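Residue numbers (this note's numbering), protein chains in the order written: chain A, 2 to 349; chain B, 2 to 349; chain C, 2 to 349; chain D, 2 to 349. Glycine residues also receive a C-beta, built at the ideal position from the N, C-alpha and C atoms. Small disclaimer: the values here were computed from a predicted structure and weren't measured.
There are 4 protein chains.
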Amino acid sequence: MTLRVGVIGTGAIGRDHIRRMTQVLKGAAVVAVTDVNAAQAQQVANEFNLQAAVYDNGLDLIRAQEVDAVMVTSWGATHEEFVLASIAAGKPVFCEKPLAVTAEGCKRIVEAEAAFGKMLVQVGYMRRYDRGYRVLKETIDSGVIGHPLILHCAHRNVSVPDFYTRDMSVVDTFIHELDVHRWLLDDDYVSVQVVRPRRSSLSGEHLNDPLLVYMETAKGVRINGEIFVNCKYGYDIQCQVVGETGIVSLPEPMSVTMRSEAKLSNALLTDWKDRFIEAYDIELQDWIDATLRGEMNGPSAWDGYSAAVAADACLAARDSGDIVRIDMPERPSFYRSKHSESAAEAIR
Amino acid sequence: MTLRVGVIGTGAIGRDHIRRMTQVLKGAAVVAVTDVNAAQAQQVANEFNLQAAVYDNGLDLIRAQEVDAVMVTSWGATHEEFVLASIAAGKPVFCEKPLAVTAEGCKRIVEAEAAFGKMLVQVGYMRRYDRGYRVLKETIDSGVIGHPLILHCAHRNVSVPDFYTRDMSVVDTFIHELDVHRWLLDDDYVSVQVVRPRRSSLSGEHLNDPLLVYMETAKGVRINGEIFVNCKYGYDIQCQVVGETGIVSLPEPMSVTMRSEAKLSNALLTDWKDRFIEAYDIELQDWIDATLRGEMNGPSAWDGYSAAVAADACLAARDSGDIVRIDMPERPSFYRSKHSESAAEAIR
Amino acid sequence: MTLRVGVIGTGAIGRDHIRRMTQVLKGAAVVAVTDVNAAQAQQVANEFNLQAAVYDNGLDLIRAQEVDAVMVTSWGATHEEFVLASIAAGKPVFCEKPLAVTAEGCKRIVEAEAAFGKMLVQVGYMRRYDRGYRVLKETIDSGVIGHPLILHCAHRNVSVPDFYTRDMSVVDTFIHELDVHRWLLDDDYVSVQVVRPRRSSLSGEHLNDPLLVYMETAKGVRINGEIFVNCKYGYDIQCQVVGETGIVSLPEPMSVTMRSEAKLSNALLTDWKDRFIEAYDIELQDWIDATLRGEMNGPSAWDGYSAAVAADACLAARDSGDIVRIDMPERPSFYRSKHSESAAEAIR
Amino acid sequence: MTLRVGVIGTGAIGRDHIRRMTQVLKGAAVVAVTDVNAAQAQQVANEFNLQAAVYDNGLDLIRAQEVDAVMVTSWGATHEEFVLASIAAGKPVFCEKPLAVTAEGCKRIVEAEAAFGKMLVQVGYMRRYDRGYRVLKETIDSGVIGHPLILHCAHRNVSVPDFYTRDMSVVDTFIHELDVHRWLLDDDYVSVQVVRPRRSSLSGEHLNDPLLVYMETAKGVRINGEIFVNCKYGYDIQCQVVGETGIVSLPEPMSVTMRSEAKLSNALLTDWKDRFIEAYDIELQDWIDATLRGEMNGPSAWDGYSAAVAADACLAARDSGDIVRIDMPERPSFYRSKHSESAAEAIR
């Protein structure tokens, strides 16, 4: 049985997911593609020898008879429309982050999906599929450190490009932490405060870099988050959970240990693309497998909505200096799925 | 394009490779199976919904029209016959270790393959596909530590089963080191000496456990190998290469760092099956891909022969206490392939 | 030349400092002792074979002809009186923390010392003499990580005794961080905020344990401090400074690396007494040496005052939940000493 | 009570021990000095303000009334004579390594001491006083890893000076391992074999660098030793003991952990003088204290003799390529002291 996927958006990430489905993963065939740049869509279809129709627009692709499931990898501002259309068509849809560019947009998706009555939407938060985060969650869930009390984390990039705006450190960068910590702790945010350390002189003047994000969860866990997108030394993702009887930390990526030049050292990654490369494979394979079984395991529309609300609160907290409350509506029972356990199975 | 594979031997490893080709990897279909236990072959065919003929014997399977390539995962004593038959049929063959149970048998395979005039045989030494060994080799090859001078290594198992014999610590256990170090150093062995430390009281009386294996290579590298198959504490594979300007060590497998119970600790593996699980996937995918391209990348029949000759020398050295010369015939130019570079590509 | 020291208070820490001066360090002789428990003072004098007069009270000891310098290791509430009397007598005085039990008391000492016109007071903040903190400071001062931007730290105890009060996590525990970070960063605090994570169920109900302390310095550095005095797993002091180009962390105490019981592990300390044991020796030797040279290198009365003001602000912040400003008077030029450089020399 | 020490040889190490006894340690006074260069002896006496007679020669110094104990830090070839004279005078003597330049010379000392009937001689093998080796030994002695079976070790120097001869890698460098492993394992050597890996092109042509030394002990432990005196990357002392249930390794020297320039790193030492600097202090303090108590704790003349015999065997094994037996006479009961336990106390 093969899942026939239509891909909307054949840019960098879209092309890469097409490569995965075509050359690496089992169970899917890309049968339709579209892009605002039609020539590029055709070119990618040729590059991977796809037996795929090239559509004029995403809405037609979504409605196409031969498309079982939709992948939305177009420009962020278009995500909401395509996801809503997929739900309207009753088709499973994998949407790269963001689910929508506003929390309101996310909410419309959540409401549409709930009205439809079946979970169809998975959002592309791949960290939940990273082996390191996975074993971190397993350790927490095992109870060996007792109840989590504090989570220390950092998201550090070597540097960011010129087009990187002040808001992107939250909505593009820290958004991954905003999603993965809810999952890791099985918890929700209730407040956020953002403070600005001394600005790095090696960071752009328009950026508040680094930033510290202090959050509180419904269960009382405090999160100390550091965002530093011009840290110069490496691409470094840290996460440490302090529990009642012990502390567990996210593994460092594998590297050889060197003794050379008066140092005992391990190489750090410098390119974010290398960090979660395997997680993307596991994520998409899980989406294909679950979709073929008629299930939905991964980050849901509700998760995308929650991350968007938290990100908005972070921006408000950064600008006001205040402790900003994060108020989510009650999570519909509809969304109380067993996604994390299922995702765990994807790895084994 | 799909590689149609016939599998001889559907026991533990055979079944697992069938699972890989059927559920995980791209490009292969299992179209024929056989086993001395015919019922079990049928059962595995059913379990994985194979569209596969069940053959009475390996030789018929090898000659079958629909079989493009052969996988030999039967009992070790039968490997030589099936590999020779595959060569005779001009079909690519993946053979789990050992290539043959004697060096003489390996030599017959090497001669048959050379007579045939094309490399068809890949031996299942999966460590060459392990990401850790891969980055270790890349580091050595980069020249950053200068010429390798010494290699320290250890192969430690928690314990071994009752049927584990005295010779198995060489022919089943250290055989992996015997293969991977030739590849890592791009070198050949010239002598070996084996010494016996005090025997662990927790090891069987019939075993010399631990053992130390001291080898010399053609380029003058000295290898200090430790074999300890009842080390009790974990499954632990160590490899450290001392070069002229620095030292590089095989990475430890990924694990979370814990602070608990007065220890700062990382879990060690205890089951060997977990250690190279990913390497098996990469190995077989590379075999499928290369075979479809008409190439052969992995450990060759010559590599299998070399490991067998070295293992025989280890046993002789253990029993005599002498320094035993290892004399290989000149490597035929036929076998001077670029396998390691190709295997590297399999990972990226 | 020998420094003749009079010791006020021969309890645990007083006795231990007498042992140091008598059996370990060079250049000092304990010539006078006193304690509220006169019998105990006599007993300690006997135990160490001191040629020392036993005085009825601290004030007489301070004024005694044969006493060159005073050590105050009595009950905290008495420190201020004895330090002021030492200044009045023009005698160098080493005072264990706290310098005084209130910031007001510390201020009176600072004013008395400034009026006297010569630095006489050293406060017993021993961490500045710890080799780990020392090399941490040297690394920061070398400029290799650029300007410090963020400091992450944690002070964790296995557990605390029953008499440990809610305020002690600040005034007894975190007070060490309050002192050492000013020195490490060569900076002053400007604000503090305290938040309460979920309380550990293994901590007393009357304690806010753990606590998070967020501070800002005059140079804009943000400090994320964790206090967790019932962490169960070990006595663990962490300090990590994030700079513009890199991060440097306090070394872990030396311990052997073990491979056993499926763990790769290093022992963590569990008793705070073992953590800074060497720092006490270096601290007191430096005090003796500097005093004999007519100098004062260590933490000054101003440093004691600053820590007291910061501790008061922490308590106020904890109780109010507000961001509390920390306002210190301008530091008198009198106190702009080169103490840190001198202390560095004490170690080499 | 003060130990009145006479020092023979005021060169680098002699001067440094005089500094220790005068400025750092308790309980000793240097009351007599001598050197082949009399002016230099006087100069050192002046430098440290010693109340010390400057003697014409070592023998007169040894016999001097005011000298309680002797320190021999002269040129190696003179050690035997001065140690024998000290024994003849019935005076405790601390002798820097080597105890004598030949095993025969050491044997004469052992015989003289036994004839005298009381242990007077301590040899300057300071590693037994290193905190790292100490905790390593405590761990082994605790039984937590079961019986030791294998010891892996390495002695690596950045580089060696031009005057460094081929024999010095054994008699000056590896001699420390030869002493400390006997102590660590509470064992004796029975054989040694030396093999030569490929020579580092960055090492002198006259040196066999690196070298591997394979030893066997009376209890059956096998020692794999690496000597590499031009390793370029650091001064690195490694020691790992494999036992029946686990492995324990010598701690790395303390250093800060850095994240910078795409590396997670700890600095390695490059100067051997920094590695055991603290051990020298502990060693001499222990010698002073024990001598004042009329005891002898440290490495004995027997230990010096044993190391000399083992070193001779290493040289013979290196030159012959053979496995060389190490035959020691039975250890006189006289030398079955409790030195290791006592030395352990020196550290606490």
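Alpha carbon to alpha carbon, how far is B/V230 from A/E262?
-> 35 Å
Should A/L269 be flagged as near chain D, meaning a C-beta pair shorter than 8 Å?
-> yes
Within 8 Å, strictly: CB atoms of D/S202 and B/H148 | yes
Report all residues from its chain with a CB closer than 6 Å to the CB of D/A54; omit the five preceding and five following residues, and keep chain order.
-> A33
Buried or exposed by the 16-neighbour rule on C-beta atoms within 10 Å, applied to C/K274 = Exposure of C/K274 is indicated by the presence of fewer than 16 other C-beta atoms within 10 angstroms of its C-beta.
Chain A beta carbons: is any one of them nearer than 8 Å to that of C/Y215?
-> yes
Who pairs with A/C96 in a beta bridge, going by DSSP?
-> Bridge partners of A/C96 according to DSSP: A/V73 and A/V124.
Just mark B/S143 as buried or exposed, buried being the case when its beta carbon has 16 or more other beta carbons within 10 Å.
-> exposed
Quick one: does B/V191 have its CB under 8 Å from some CB of chain A?
-> no
In angstroms, rounded to a whole number, what distance separates the CA positions of B/I176 and B/A309?
-> Spanning the two alpha carbons is a distance of roughly 8 Å.
Would you give the residue range spanned by the alpha helix (DSSP H) that C/H177 belongs to?
-> I176 to L186
Under 8 Å Cβ to Cβ from D/I141, same chain only, skipping five residues before and after it: list those, please.
-> P149, L185, L186, V242, G244 and V249
Just confirm the distance between the C-beta atoms of A/G125 and A/K92, as a whole number of angstroms; I'd bet it's less than 8 Å.
-> So it is not a contact: roughly 17 Å between Cβ atoms.
C/T35: buried (16+ other C-beta within 10 angstroms of its C-beta) or exposed?
-> buried
Residues in its own chain within less than 6 Å of B/A318 by CB, not counting five upstream and five downstream?
-> V193, Q194, V195 and V325
Under 7 Å between beta-carbons, which chain A residues line up against C/P198? List them in chain order, please.
-> L150, I151, G221, V222 and R223
Quick one: any contact between the stretch 76 to 86 of chain D and the stretch 104 to 114 of chain D, if contact means 3 or more CB pairs under 8 Å?
-> With a cut-off of 8 Å on Cβ pairs, the stretch 76 to 86 of chain D is in contact with the stretch 104 to 114 of chain D, counting three or more such pairs.
Roughly how many angstroms separate the alpha carbons of B/A291 and A/D188, rounded to a whole number?
-> Those two C-alpha atoms are separated by around 47 Å.
Using the C-alpha atoms, what's the distance from C/A280 back to C/R128?
-> 7 Å
Counting only the same chain and skipping the five closest in sequence on each side, list residues whose C-beta sits under 7 Å from that of A/T271.
-> V159, G235 and Y236
If we cut at 8 Å on Cβ distances, does D/F335 have a partner in chain B?
-> No, no contact with chain B.
Could you check the C-alpha separation between C/P162 and C/D173 for me, to the nearest Å?
-> 13 Å
Reduced DSSP secondary structure (H/G/I, E/B, other) of A/K264 | strand
Own chain partners of D/R349 with C-beta closer than 6 Å, once the 5 adjacent residues on each side are dropped | With a pLDDT of only 43 at D/R349, under 50, the local geometry of the prediction cannot be trusted, and no value is derived from it.
Please classify B/Q24: is it buried, with 16 or more other beta-carbons within 10 angstroms of its beta-carbon, or exposed?
-> With fewer than 16 other beta carbons inside 10 angstroms of its own, B/Q24 counts as exposed.
Own chain partners of D/A42 with C-beta closer than 7 Å, once the 5 adjacent residues on each side are dropped | T11, V34, T35, D36 and V55
Which value, in whole angstroms, describes the spacing of the CA atoms of C/L152 and C/R223?
-> 6 Å
Any C-beta of chain A sitting closer than 8 Å to the C-beta of D/S261?
-> yes
Interface flag, A/Q24 vs chain B, CB-CB below 8 Å | yes
At least one CB of chain B closer than 8 Å to the CB of D/S143: is that the case?
-> no
What number of angstroms, rounded off, separates the C-alpha of D/A344 from the C-alpha of D/A89?
-> With a pLDDT of only 44 at D/A344, under the threshold of 50, the placement of this residue in the model should not be trusted; the figure read from the coordinates follows. Rounded to the nearest angstrom, the two C-alpha atoms are 26 Å apart.
What is the DSSP secondary structure of B/V249, reduced to helix, strand or coil?
-> strand
C-alpha gap between D/S334 and D/M216, whole angstroms | 25 Å
Note down the Cα distance separating A/L179 from C/H18, rounded to an integer number of angstroms.
-> 51 Å
Measuring CA to CA, which of D/K119, D/G322 and D/L285 is closest to D/C96?
-> D/L285
Kindly indicate which three-state DSSP category B/F1 falls into: helix, strand or coil?
-> Residue coverage of chain B in this structure runs from 2 to 349, which leaves residue 1 of chain B outside it and unanswerable.
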